[in-house]
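*Asks:* Just so we're aligned, residue 46 is where the sequence shown starts under the working numbering, counting upward by one.
Where a beta carbon is used, it is the ideal one built from N, C-alpha and C, also for glycine.
Submitted below is the structure of interest, expressed as structure tokens.
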Amino acid sequence: VQLQASGGGLVQAGGSLRLSCAASGTTLINYSMAWHRQAPGKQRELVATIGKIGNTVYADSVKGRLTVSRDNAKNTMYLQMNNLKPEDTALYYCYARRYGRDDYYWGQGTLVTVSS
């Protein structure tokens, strides 16, 4: 199983980005998905999760600005990021955990940099 994250970049405060996480080697319908992020000098933190039926949970710091979604037919998860703030600057990682098993996978990070 491989997860490929993309879509990061440099954006000004108030701008938008859309991250994607494409999976290969498996079918994502069998997985709970999530985005995590790690800012310089800080621990990795959970940003948002999404279940196979689209049920979502968000960190308080991103509610109302970031939206997680998934397209099971395309085997892809997304993170729409609006009204970005400098404190959103981080490496963003996608994560998949198989339902009913102790199998989980991380994608490589994609860097989001928000300038003030």
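Skipping 5 residues on each side, what residues in its chain have a beta carbon closer than 6 angstroms to that of K97?
*Replies:* Cβ neighbours of K97 beyond the five flanking positions: I74.
*Asks:* Is V107 helix, strand or coil when you go by DSSP?
*Replies:* helix
*Asks:* Given Y149, which residues of its chain have a CB within under 6 angstroms of its CB, disregarding the five upstream and five downstream residues?
*Replies:* R142
*Asks:* Tell me the residue span of the beta strand (DSSP E) that contains Q153.
*Replies:* Taken as a continuous stretch (DSSP letters only), Q153 belongs to no beta strand (DSSP E), as it is neither H nor E.
*Asks:* Assign D116 to one of three DSSP states: helix, strand, or coil.
*Replies:* It is a strand residue.
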